[in-house]
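Notes for the one structure printed next.
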């Protein structure tokens, strides 16, 4: 009868191990939704504040224009139609249009809603290169900053759940480049090495200071914004969004990014020597 007794003891030990606080915590972490109720409530509150602000802006627009301009373009065909409908409105109500444009851009950037590239093209088509770049860089930097603080509040479980491997890689790279972190962040912003959405969400989690995040975003987004806004001037000739970043354009962006990260590489080489 000894063997059955031994098996029973082993099973009891396994069950006891599963009942330990660590095991229970691990099980809850793996099975639960990434955000707690309070975190989800905070995100919903921020979303509601943005939504109310956008609503207050749009109720001041002429009612006759609603069906023509309250559209979010999903392709170049939609964008061309929207541009034609918005041209007169943007000219006659420029202050309201800029306010609504920036609010929508920041809202989309904050909550990771795809489609901001179409808004960048629209800025070029309606305002030209200089005004368009200023408008896009301001909106994109504001939206990225808003996303940064939202992620600082509730983003850690969400990012760890969505991009665990990428987050570990990013954290290791940030740790290696603490002394010249601005150069590295500029490189990431200028080049398409990592998605901007991921950078916005992950930066506060890996302890990138906001001043460095803000400055790198403000300066680093200028080259790509210039390319996109300039393409908006010839919106009718653009066949696909993919045409914006061909091999030549990507090579130029990486060259600019390399200029910023070169001091970091040089310093690491001298350290090893």
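Numbering (this note's numbering), first residue to last: -11 to 261.
Just so you know, even glycine gets a beta-carbon here, dropped at the ideal spot from N, CA and C.
Note that this is a predicted model, so its numbers are computed, not measured.
In or out: residue i buried (at least 16 other Cβ within 10 Å) or exposed?
i           : result
residue 155 : buried
residue 47  : exposed
residue 82  : exposed
residue 88  : buried
residue 175 : buried
residue 245 : buried
residue 79  : exposed
residue 17  : With a pLDDT of only 40 at residue 17, under 50, the local geometry of the prediction cannot be trusted, and the value read off the model is given with reservation. Its Cβ having fewer than 16 others within 10 Å, residue 17 is exposed.
Could you work out which residue in the options is closest to residue i when comparing CA atoms only?
i           : options              : result
residue 168 : 248, 242, 137 and 39 : 248
residue 94  : 67, 136 and 66       : 136
residue 209 : 68, 180 and 196      : 180
residue 228 : 39, 65 and 25        : 65
residue 110 : 182, 213, 34 and 230 : 213
residue 139 : 90, 182, 198 and 108 : 198
Out of curiosity, what's the CA-to-CA distance linking residue i and residue j?
i           : j           : result
residue 121 : residue 36  : 29 Å
residue 263 : residue 219 : Because the chain is modelled from -11 through 261, residue 263 falls outside the range shown and cannot be assessed.
residue 234 : residue 242 : 12 Å
residue 103 : residue 171 : 28 Å
residue 191 : residue 143 : 10 Å
residue 112 : residue 221 : 6 Å
residue 240 : residue 42  : 37 Å
residue 265 : residue 133 : One cannot answer for residue 265 here, as it falls past the ends of the chain, which runs -11 to 261.
residue 204 : residue 163 : 17 Å
residue 331 : residue 184 : For residue 331 there is no data in the structure shown, the boundaries of the chain being -11 and 261.
Should residue i be counted as a contact of the ligand ADP given a C-beta to heavy atom distance under 7 Å?
i          : result
residue 67 : Ligands in the displayed structure: none, and consequently the ligand ADP is not present.
inquiry  = Quick check on the DSSP output: what are the complete beta strand (DSSP E) runs of length 3 or more inside the segment 178 to 226, in order along the chain?
reply    = none
message = Which runs of the alpha helix (DSSP H) at least 4 residues long sit entirely within the segment 95 to 135? Give them in chain order.
response = none
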